[in-house]
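**Q** Going from the sequence shown to my numbering is simple: count from 1 and add 22.
First the structure, which I've put down as structure tokens, then a few questions once you've had a look.
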Amino acid sequence: MNDFLHHISLLSAASATSSGVPCQRSGRYCFSVAGTFGGATVGLQMLGPDGATWISVEDDSGAIAITSARARLVYLPAGTFRATITGGDGVSLHARLDRVID
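Below, the structure is given as structure tokens:
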């Protein structure tokens, strides 16, 4: 992996919540989602300190809830993350985290 770039795929043509994916670098990330939403909402969660509980990631607007193709900037610690999909019909979504290098 290039030390200056960090890309984490969370969803690929998915219709259900993803498994947890490790992110080894803390910092600012762009969380982007695109695809066929079919009324679905996509969120971002991190694995809590107990190693069992998934916690919703929030930004200045509250818990992340994306309902159409969009990108949001979030500050993340190192940890395990997943994209959640709730609702929708005929859903096929892609989501990823890209580290923002200033």
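Even for Gly, the Cβ is constructed at its ideal location relative to N, Cα and C.
Roughly how many whole angstroms lie between the Cα atoms of Met-68 and Ala-100?
**A** 10 Å
**Q** Does Tyr-97 pass the burial test, meaning 16 or more other C-beta atoms within 10 Å, or should it be called exposed?
**A** exposed
**Q** So, is Leu-95 buried or exposed, given that buried needs 16 or more other C-beta atoms within 10 angstroms?
**A** Exposed, since its Cβ has fewer than 16 Cβ neighbours within 10 Å.
**Q** Skipping 5 residues on each side, what residues in its chain have a beta carbon closer than 6 Å to that of Leu-39?
**A** The question names Leu, but residue 39 is Thr in the sequence shown. Cβ neighbours of Thr-39 beyond the five flanking positions: Thr-106 and Ile-107.
**Q** I need the straight-line Cα distance from Asp-124 to Thr-58, nearest angstrom please.
**A** 31 Å
**Q** Cys-45 and Phe-103 - do their beta-carbons sit closer together than 8 Å?
**A** Contact flag set, yes.
**Q** Measuring CB to CB, does Gly-110 end up less than 8 Å from Ala-62?
**A** yes
**Q** With DSSP collapsed to three states, give me the class of Asp-82.
**A** Correct three-state label for Asp-82: coil.
**Q** Compute the distance between the beta-carbons of His-28 and Arg-50, then report whether it is under 8 Å.
**A** no
**Q** Return the chain-ordered list of same chain residues with a C-beta closer than 6 Å to the C-beta of Asp-25, the five sequence neighbours on each side being excluded.
**A** Legend: pLDDT at Asp-25 = 47, less than 50; position of this residue unreliable, value from coordinates given subsequently. Excluding positions up to five away in sequence, the list is empty.
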